[in-house]
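Residue numbers (the numbering used here): 59 to 148.
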């Protein structure tokens with residue numbers, strides 16, 4: 059098939075849309091991380107009223123992985139004491 063960027067789907071770089079996790083950042087913005095071993099882990103800003111991605115993001119920003127790296131199940135946790143976001147993967 060064709061990917062959202064208009065190129066043929068390539069499982070080594072386009073995301074496998076599995077294991078979504080949503081979270082609010084420290085400023086109250088809603089985000090979703092998702093993805094797995096094929097194309098990598100991606101993050102998208104979401105509309106908190108609709109639960110849909112904000113327009114114009116495509117797949118979102120690629121954080122890491124791809125080319126069948128054995129990662130999946132992203133989860134983001136914010137620690138207000140350290141002011142760091144932690145990305146967990148399995």
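Don't be surprised by glycine CBs; every beta carbon is placed ideally from N, CA and C. Source: prediction; values computed, not measured.
Check: Nearest CA to the CA of residue 76: which residue from 145, 132, 138 and 128?; Outcome: 132
Check: With a 10 Å radius around its C-beta and 16 neighbouring C-beta atoms as the bar for buried, classify residue 97 as buried or exposed.; Outcome: buried
Check: Just tell me which of 108, 61 and 137 has its CA closest to the CA of residue 73.; Outcome: 61
Check: Going by alpha carbons, who is nearest to residue 129 out of 102, 139, 80 and 146?; Outcome: 146
Check: Could you check the C-alpha separation between residue 78 and residue 123 for me, to the nearest Å?; Outcome: 16 Å
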